[in-house]
Amino acid sequence: MTEPNVIDKGALDELQETTGGDPEFLAELIETYLDDAPGLLATMRWAIGAANAEELRRAAHSLKSNSASFGARILATRCQELEQQAKNGIFDGASERLVHVETAYADAERALRALLPPA
Amino acid sequence: MNAVRGHLLVVDDDRLNRMVLTRALREQGYTTETAENGWQALELLCQQHRRGFDVVLLDVLMPELDGYQTLARIKNESALKHIPVIMISAVDEMDSVIRCIKMGATDYLPKPFNAALLQARISASLAGKRLRDLELEYLEQVGHVTAAAAAVEAGTFATDSLQVVATRPDALGQLARVFQRMAHEVRSREERLKREVGELRIEINQVRQAQRVAEITETEYFRRLRGQADELRRIMEG
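Here the protein sequences line up with chains A and B, keeping their order.
Reading the first sequence from the start, the letters are residues 1 to 119 in this note's numbering.
Reading the second sequence from the start, the letters are residues 1001 to 1238 in this note's numbering.
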């Protein structure tokens, strides 16, 4: 079971259907997402410190896009806010927004891990 | 398993997107290759010995050479500009999509991907490309017929040169077949005429020779010689 409001089951079903309906491949996709996301969060954190708008925008964009694919809508929205801010070259409040992103990611991660078959 | 419907290049720096797209496309009967950035994509596209790509799926936001720059390079390259490029974009990036379509992109594919939309957009782009390929092939074959006409005039026409065009079931094929037949007839007629001229020349030469013999044998000198020869023969026999 996914946590309510964290993962949109419809989006997840669509992802599975789009990729041929194979639950093993969906699990592989979830694992890839969970492998890559910490790196993207680290890039965002670094980019805010270095005031590098381009890197911040790209990392936020990737996490937004991938999170939306898994139906992690809240996380996708938080990432979009940060991406927009980077696009405008504004860093005020970026660290606070990143905390929101990290919190939303922690929820999404938990929900997605619950969907993986036991190791 | 479906038959292969087209060969696609997926260009995206995000490995998850590449995984999703290649799997989804494979499920729909396409074969794919992937590139992680614009430079890699251009390298694959420019390798002539490889199988040609029917459609390119191109992400907008990428490091190094982004989607805009990659698209611009594809559209500036005469050998590549006819390959349909579908931009991959998030739903909130309409400005980017419009910019890319103005630059020559065929269509766009919103993320997250939807199987039906993916299929519809790729099918439409492939249909457009195939139409364009047919048009190019048609123009090339019209060129063969024109070249054949010039070759007939120059006397260098080879019937085989229109063999491929002549197999077409359409009007151009019919034209090529009629052309081949007519060229064959013209050549046969020409050869027959040459033969007849040759025979006529031999006859004329024979008549001329007879005339020359007559001219010599009918002279007074020749008659005198013949008389002397008869005289000599009589003396020798007598």
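Just so you know, even glycine gets a beta-carbon here, dropped at the ideal spot from N, CA and C.
Which residues DSSP lists as bridging residue i, in chain order
{"i": "T32 of chain A", "result": "Answer by DSSP bridge pairing: none, since T32 of chain A is not bridged."}
{"i": "L1131 of chain B", "result": "The partner list for L1131 of chain B (beta bridge, DSSP) is empty, contrary to what the question assumes."}
{"i": "L1058 of chain B", "result": "B:V1011, B:M1087"}
Range of the contiguous beta strand (DSSP E) that encloses residue i
{"i": "I1086 of chain B", "result": "1085-1090"}
{"i": "H1007 of chain B", "result": "1007-1011"}
Boundaries of the alpha helix (DSSP H) in which residue i is found, first to last residue
{"i": "N1030 of chain B", "result": "A quick correction: the sequence has Tyr, not Asn, at residue 1030 of chain B. Taken as a continuous stretch (DSSP letters only), Y1030 of chain B belongs to no alpha helix (DSSP H), as it is neither H nor E."}
{"i": "L1109 of chain B", "result": "Here L1109 of chain B belongs to no alpha helix (DSSP H); instead the beta strand (DSSP E) covers 1107-1111."}
{"i": "G1038 of chain B", "result": "1038-1046"}
{"i": "L112 of chain A", "result": "94-113"}
{"i": "L116 of chain A", "result": "Unbroken run through L116 of chain A: none, as it is neither H nor E."}
{"i": "I74 of chain A", "result": "73-87"}
{"i": "D1095 of chain B", "result": "1094-1102"}
{"i": "K1081 of chain B", "result": "It is not in any alpha helix (DSSP H) - K1081 of chain B carries neither H nor E in the DSSP assignment."}
{"i": "N52 of chain A", "result": "No alpha helix (DSSP H) holds N52 of chain A; DSSP gives it neither H nor E."}
{"i": "I1074 of chain B", "result": "1067-1076"}
{"i": "G1238 of chain B", "result": "Counting along the chain, G1238 of chain B falls outside any alpha helix (DSSP H), and DSSP gives it neither H nor E."}
{"i": "V1213 of chain B", "result": "1171-1217"}
{"i": "D13 of chain A", "result": "9-18"}
{"i": "V1165 of chain B", "result": "1163-1166"}
Residue i burial status per 10 Å Cβ neighbour count (16 or more: buried)
{"i": "D1054 of chain B", "result": "buried"}
{"i": "E1135 of chain B", "result": "exposed"}
{"i": "R1121 of chain B", "result": "buried"}
{"i": "M1094 of chain B", "result": "exposed"}
{"i": "G1227 of chain B", "result": "exposed"}
{"i": "E1218 of chain B", "result": "exposed"}
{"i": "M1 of chain A", "result": "Residue confidence for M1 of chain A is low, a pLDDT of 46 falling below 50, so the modelled location carries little weight and cannot support an answer."}
{"i": "T1167 of chain B", "result": "exposed"}
{"i": "L1193 of chain B", "result": "exposed"}
{"i": "M1001 of chain B", "result": "Residue placement at M1001 of chain B is poorly supported in this model, since its pLDDT is 43, which falls under 50; the coordinates are not used for a value here."}
{"i": "Y33 of chain A", "result": "buried"}
{"i": "V1213 of chain B", "result": "exposed"}
{"i": "Y1221 of chain B", "result": "exposed"}
{"i": "A1154 of chain B", "result": "exposed"}
{"i": "M1062 of chain B", "result": "buried"}
{"i": "Q1180 of chain B", "result": "buried"}
{"i": "M1182 of chain B", "result": "exposed"}
{"i": "L1232 of chain B", "result": "exposed"}
{"i": "E31 of chain A", "result": "exposed"}
{"i": "T1156 of chain B", "result": "exposed"}
When the options are compared against residue i, the one with the closest alpha-carbon
{"i": "R1099 of chain B", "options": "B:K1081, B:F1113, B:A1072", "result": "B:A1072"}
{"i": "V1085 of chain B", "options": "B:L1058, B:R1005, B:L1044, B:V1164", "result": "B:L1058"}
{"i": "G1029 of chain B", "options": "B:M1019, B:L1008, B:A1229, B:A1041", "result": "B:L1008"}
{"i": "E989 of chain B", "options": "A:A119, A:D8, A:E54", "result": "With chain B represented from 1001 up to 1238, any question about residue 989 of chain B goes unanswered, as that position is not in the structure."}
{"i": "L41 of chain A", "options": "A:E24, A:K87, A:N66", "result": "A:N66"}
{"i": "L1172 of chain B", "options": "B:R1224, B:E1203, B:L1139", "result": "B:L1139"}
{"i": "S1125 of chain B", "options": "B:V1097, B:L1193, B:V1056", "result": "B:V1056"}
{"i": "V1165 of chain B", "options": "B:V1145, B:V1020, B:T1022", "result": "B:V1145"}
{"i": "L115 of chain A", "options": "A:L29, A:V99, A:T43", "result": "A:L29"}
{"i": "F1113 of chain B", "options": "B:R1023, B:R1224, B:D1230", "result": "B:R1023"}
{"i": "K1241 of chain B", "options": "B:K1075, B:D1133, B:I1216, B:A1229", "result": "Any question about residue 1241 of chain B goes unanswered here, given that chain B covers just 1001 to 1238."}
{"i": "K9 of chain A", "options": "A:F70, A:L56, A:G39, A:K64", "result": "A:F70"}
{"i": "S1188 of chain B", "options": "B:P1110, B:V1152, B:R1005, B:R1208", "result": "B:V1152"}
{"i": "G1067 of chain B", "options": "B:D1230, B:A1041, B:Q1206, B:C1046", "result": "B:A1041"}
{"i": "T1032 of chain B", "options": "B:E1043, B:I1204, B:R1051, B:C1046", "result": "B:R1051"}
{"i": "A104 of chain A", "options": "A:A86, A:L82, A:R78", "result": "A:R78"}
{"i": "G1006 of chain B", "options": "B:T1106, B:P1110, B:C1046, B:A1127", "result": "B:A1127"}
{"i": "N52 of chain A", "options": "A:V99, A:P117, A:L82", "result": "A:L82"}
{"i": "T1159 of chain B", "options": "B:V1186, B:P1169, B:D1107", "result": "B:V1186"}
{"i": "A11 of chain A", "options": "B:Q1141, B:A1115, B:S1096", "result": "B:A1115"}
{"i": "A1148 of chain B", "options": "B:A1176, B:D1133, B:K1129", "result": "B:A1176"}
{"i": "D1133 of chain B", "options": "B:R1026, B:Y1108, B:L1162, B:A1079", "result": "B:A1079"}
{"i": "P117 of chain A", "options": "A:A27, A:E14, A:V6", "result": "A:A27"}
{"i": "L56 of chain A", "options": "A:R73, A:V101, A:V6, A:N5", "result": "A:V101"}
{"i": "V6 of chain A", "options": "A:L75, A:T43, A:G39", "result": "A:L75"}
{"i": "A37 of chain A", "options": "A:Q85, A:E14, A:A68, A:Q16", "result": "A:A68"}
{"i": "E1043 of chain B", "options": "B:A1150, B:T1156, B:K1129, B:E1077", "result": "B:E1077"}
{"i": "E14 of chain A", "options": "B:L1045, B:V1060, B:Q1047, B:L1117", "result": "B:L1117"}
{"i": "S1096 of chain B", "options": "A:G39, A:T18, A:K87", "result": "A:K87"}
Cutoff 8 angstroms: residue i Cβ touching any chain C Cβ
{"i": "P1169 of chain B", "result": "As a matter of chain content, chain C is missing from the structure shown, whose protein chains are A and B."}
Would the stretch 88-101 of chain A and the stretch 1080-1096 of chain B be scored as touching if the rule is three or more Cβ pairs under 8 angstroms? no
Three or more C-beta pairs under 8 angstroms: does that hold for the stretch 1009-1017 of chain B against the stretch 1031-1042 of chain B? yes
For the pair the stretch 106-116 of chain A and the stretch 53-62 of chain A, tell me if three or more CB-CB distances fall below 8 angstroms. no
Stretch-stretch touch, CB-based, cutoff 8 angstroms, three pairs: the stretch 42-51 of chain A with the stretch 14-24 of chain A: no
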